[in-house]
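Protein chains in written order, with my numbering: chain B, 7 to 70; chain V, 539 to 1049.
Just so it is clear, CB atoms sit at the ideal spot from N, CA and C, and this is done for glycine as well.
Computed from a prediction, not measured in an experiment: that's the story for all the values here.
Worksheet: the structure to be examined is printed underneath.
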């Protein structure tokens, strides 16, 4: 299990433990937000560092 | 399957029934890097890298690429010599697909498939083939020359390249009916199958300065009907190249789709379109929603409307949103399946899944987008874009957001954002690996792919509707395959199994 998966699992378990204290909707919303935060962290790690140059250099000829 | 066989039985077509929706997708991949940054050179390197790792290179045969050719197969097999293209890399794969350089892009044209799920599998196999080609190519290049590939449709600077779907339809279906029935679908389906795009890149769209659009392709469409694919792109393309018996078949060439990273989106795109075409063949266009009065305005306006509430006026004076169109079209497809079972599109279970997924995506994009972020590309992409905007307080046109858009489509596992957003997988890896090498069993692609795998040294060229053999002596021999539903595993596997050589195969076909 990777570090990320382990963290994800812990978060999931933590979220599960708190379900009794909050309403179902709030839990679902929190979970979605936590998932999105994890996803954004992960994408931050692989996203091209120099976005400006990366985007500028991507030039295609038309096709079809 | 083989026109010269005396026992060849034609599939009969009754007057008002739909025909099997043989289908497939061709995708031009975006390409960057490579020696000299020349996209044509880089594309050739990609195609050759993959072709040369196989046992042989079999060229594409350009005969039959012209719509005026006698497509009925009533020709002497030796009456015309195949023309072999040698300038740009162009090859036929053992899975029945074509891999080649088109303009300045590597392109994968999937084999002809029998159902939307199968065509989705072969589209995903195409991604895997490109990924493998990329790996082989980059192993032989310096690090600073490394090539990257993107399964997308535009560079954000006004240059677009295509993802085209093909569907087999009856030749006797009035083309005006096709326009009337399918334009509403092609302008509105982007709300469920659009791949999403940050910003705009054509003059008219830039003026409106949208932060995000549902579709990569929508803003590039300028006409309702036409023959062009590169300029003045039409919503309905009229290219009439059936690659089959032109008396019976038409190949509807759909150029308005986005390249999807979501497998479910590809499946729903193909499934919904195939069901609607079948419904049209069966009972005409009356039950379809009316055409928007200005289809070009509709497709562009819908792309920029993230609320999905904007409406356009239709020929019946009613106003409809993209969602309204899709909802009505879903009911057309649903009622067609209730009446007929829909077996010309796929088995009962598959057809039910098409309707169910289409419905879920449609309701999800309106009522609960988080619930469909695992299946709708534009929703998945927008979620990340908006997340980054909030986290780093970025303006709507920040380069970081455009980078996310681009990198969503990166084929490399190390960089792909699509592989990280949790998209639902419907094509198991083991099936994808099989589909990289083996053809689908239920169309003529089976015979093509098997011939390429079994007799590579004796095949000089192949194309959609024939395979050309060179037995070493005598003239080249062309085996025509004018019916996409012949040449299947059921019809030819025994023949192929018992023919150890190409000579034996041709002799058996002559009997």
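So, helix, strand or coil for residue 702 of chain V, using DSSP?
-> To locate residue 702 of chain V, count along the second chain from 1; it is residue 164. Note: residue 702 of chain V maps to strand in three-state DSSP.
Quick one: which chain B residues come within Cβ less than 9 Å of residue 952 of chain V?
-> Here residue 952 of chain V corresponds to residue number 414 of the second chain, with the count starting at 1. Neighbours of residue 952 of chain V on chain B, chain order: 52.
Would DSSP call residue 791 of chain V helix, strand or coil?
-> Against the second chain, residue 791 of chain V aligns to sequence position 253. Strand at residue 791 of chain V.
Rounded to whole angstroms, what's the CA-CA distance from residue 702 of chain V to residue 795 of chain V? Just pull it up for me.
-> On the second chain, residue 702 of chain V is found 164 positions in, with the first residue counted as 1. On the second chain, residue 795 of chain V is found 257 positions in, with the first residue counted as 1. Looking at the two C-alpha atoms, the distance is approximately 6 Å.
Identify the contact partners of residue 767 of chain V in chain B, using a Cβ-Cβ distance below 7 Å as the criterion.
-> Taking the second chain and counting its residues from 1, one reaches residue 767 of chain V at position 229. Result: 70.
Say whether chain V places a C-beta atom closer than 8 Å to the C-beta of residue 57 of chain B.
-> Within the first chain, residue 57 of chain B is the residue found at index 51, counting from 1. With 8 Å as the cut-off, residue 57 of chain B counts as an interface residue toward chain V.
For residue 963 of chain V versus residue 922 of chain V, is the C-beta spacing smaller than 8 Å?
-> Position 425 of the second chain holds residue 963 of chain V. Position 384 of the second chain holds residue 922 of chain V. Contact: no.
With 8 Å set as the bound, which would you pick, yes or no: does the beta-carbon of residue 857 of chain V sit closer than that to a beta-carbon of chain B?
-> One-based indexing of the second chain puts residue 857 of chain V at position 319. Not one chain B Cβ lies under 8 Å of residue 857 of chain V.
Please check the pair residue 766 of chain V and residue 838 of chain V, which I expect to be a contact at CB under 8 Å, by giving their CB distance rounded to whole angstroms.
-> Taking the first residue of the second chain as position 1, residue 766 of chain V is located at position 228. Taking the first residue of the second chain as position 1, residue 838 of chain V is located at position 300. Not really, about 17 Å apart at Cβ, beyond 8 Å.
Between the region 965 to 993 of chain V and chain B, which residues of the former have a C-beta closer than 8 Å to a C-beta of the latter?
-> none
Compare the C-beta of residue 1015 of chain V against all C-beta atoms of chain B and say whether one is closer than 8 Å.
-> Within the second chain, numbered from 1, the residue matching residue 1015 of chain V stands at position 477. Residue 1015 of chain V does not count as touching chain B.
Between residue 983 of chain V and the rest of its own chain, which residues show a CB-CB distance below 6 Å, the 5 nearest in sequence each way excluded?
-> Your numbering for residue 983 of chain V matches position 445 in the second chain. Counting only Cβ-Cβ distances below 6 Å, and skipping sequence neighbours, we find 634, 649, 650 and 977.
Kindly give me the distance between the Cβ atoms of residue 738 of chain V and residue 751 of chain V, rounded to whole angstroms, as I take these residues to be in contact under 8 Å.
-> Working through the second chain from its first residue, we reach residue 738 of chain V at position 200. Working through the second chain from its first residue, we reach residue 751 of chain V at position 213. Right, the Cβ-Cβ distance comes to about 7 Å (below 8 Å), so this counts as a contact.
For my contact list, residue 1050 of chain V and residue 904 of chain V are in at a C-beta cut-off of 8 Å; report their separation, rounded to the angstrom.
-> Lying before the first or after the last residue shown, residue 1050 of chain V is absent from chain V, which here runs from 539 to 1049.
State the Cα-Cα distance for the pair residue 654 of chain V and residue 841 of chain V, rounded to the nearest angstrom.
-> Numbered from 1 along the second chain, position 116 holds the residue referred to as residue 654 of chain V. Numbered from 1 along the second chain, position 303 holds the residue referred to as residue 841 of chain V. Residue 654 of chain V and residue 841 of chain V: Cα-Cα distance of roughly 25 Å.
Rounded to a whole number of angstroms, what is the C-alpha to C-alpha distance between residue 1001 of chain V and residue 657 of chain V?
-> Taking the first residue of the second chain as 1, we reach residue 1001 of chain V at position 463. Taking the first residue of the second chain as 1, we reach residue 657 of chain V at position 119. Distance between the alpha carbons of residue 1001 of chain V and residue 657 of chain V is about 18 Å.
Do we get a CB-CB distance below 8 Å when we pair residue 913 of chain V with the residues of chain B?
-> Numbered from its first residue, the second chain carries residue 913 of chain V at position 375. With 8 Å as the cut-off, residue 913 of chain V does not count as an interface residue toward chain B.
Use the C-beta contact count for residue 43 of chain B: other C-beta atoms within 10 angstroms, 16 or more gives buried, fewer gives exposed.
-> Counting from one through the first chain, the residue named residue 43 of chain B turns up at place 37. Burial call: exposed.
Quick one: which chain B residues come within Cβ less than 9 Å of residue 926 of chain V?
-> Working through the second chain from its first residue, we reach residue 926 of chain V at position 388. Result: 46, 49, 50 and 53.
Leaving out five residues before and five after residue 1043 of chain V in sequence, what residues of the same chain have Cβ atoms less than 6 Å from its Cβ?
-> On the second chain, position 505 is the one that residue 1043 of chain V refers to. Counting only Cβ-Cβ distances below 6 Å, and skipping sequence neighbours, we find 1037.
Can you check DSSP and say which residues form a bridge with residue 644 of chain V?
-> The residue you call residue 644 of chain V lines up with position 106 of the second chain. The partner list for residue 644 of chain V (beta bridge, DSSP) reads V:639.
Touching or not, the region 848 to 856 of chain V and the region 798 to 811 of chain V, by the rule of three or more beta carbon pairs under 8 Å?
-> no
In angstroms with no decimal places, state the Cα-to-Cα distance between residue 13 of chain B and residue 41 of chain B.
-> Locating residue 13 of chain B in the first chain gives position 7, where the first residue counts as 1. Locating residue 41 of chain B in the first chain gives position 35, where the first residue counts as 1. Here the model assigns residue 13 of chain B a pLDDT of 46, short of 50, so the residue's position is not dependable and the matter cannot be decided.
Can you pull the DSSP bridge partners for residue 597 of chain V?
-> Start at 1 with the first residue of the second chain, and residue 597 of chain V comes out as number 59. Note: residue 597 of chain V sits in a beta bridge opposite V:629 and V:999.
Write down the C-beta distance between residue 588 of chain V and residue 670 of chain V rounded to the nearest angstrom, noting that I regard them as a contact closer than 8 Å.
-> Within the second chain, numbered from 1, the residue matching residue 588 of chain V stands at position 50. Within the second chain, numbered from 1, the residue matching residue 670 of chain V stands at position 132. Contact holds; Cβ gap of about 7 Å.
Following the continuous beta strand (DSSP E) through residue 713 of chain V, name the residue where it begins and the one where it ends.
-> Working through the second chain from its first residue, we reach residue 713 of chain V at position 175. Not the beta strand (DSSP E): residue 713 of chain V falls in the alpha helix (DSSP H), residues 713 to 726.
Amino acids of chain B, ordered along the chain, whose beta-carbon sits closer than 8 Å to that of residue 922 of chain V | By 1-based counting over the second chain, the position of residue 922 of chain V is 384. Chain B residues near residue 922 of chain V: 45, 46 and 49.
What did DSSP end up calling residue 972 of chain V once you bin it into helix, strand or coil?
-> Numbered from its first residue, the second chain carries residue 972 of chain V at position 434. Helix.
To which residues of the same chain is residue 792 of chain V closer than 6 Å at the C-beta, ignoring the five residues directly before and after it?
-> Against the second chain, residue 792 of chain V aligns to sequence position 254. So the list reads 703, once near-sequence residues are dropped.
Alpha carbon to alpha carbon, how far is residue 684 of chain V from residue 914 of chain V? Give it in angstroms, no decimals.
-> Translated into positions along the second chain, residue 914 of chain V becomes position 376. Translated into positions along the second chain, residue 684 of chain V becomes position 146. When rounded, the distance between both Cα atoms is 31 Å.
So, residue 981 of chain V versus residue 1022 of chain V, is the Cβ gap smaller than 8 Å?
-> Counting from 1 along the second chain, the entry for residue 981 of chain V is found at position 443. Counting from 1 along the second chain, the entry for residue 1022 of chain V is found at position 484. Going by C-beta atoms, residue 981 of chain V is nearer than 8 Å to residue 1022 of chain V.
Cα separation between residue 785 of chain V and residue 557 of chain V?
-> Residue 785 of chain V sits at position 247 when you count from the first residue of the second chain. Residue 557 of chain V sits at position 19 when you count from the first residue of the second chain. Distance between the alpha carbons of residue 785 of chain V and residue 557 of chain V is about 14 Å.
Tell me the DSSP bridge mates of residue 1039 of chain V?
-> In the second chain, the residue the question calls residue 1039 of chain V occupies position 501. According to DSSP, which records beta bridges pairwise, residue 1039 of chain V is partnered with nothing at all.
Below-8 Å beta-carbon distance, residue 66 of chain B vs any chain V residue | By 1-based counting over the first chain, the position of residue 66 of chain B is 60. Yes, contact with chain V.
Should the region 812 to 821 of chain V be called in touch with the region 879 to 892 of chain V, which here means at least 3 C-beta pairs below 8 Å?
-> yes
How about residue 577 of chain V: is its C-beta nearer than 8 Å to some C-beta of chain B?
-> Indexing the second chain from 1 puts residue 577 of chain V at position 39. Yes, because at least one Cβ of chain B sits closer than 8 Å to the Cβ of residue 577 of chain V.
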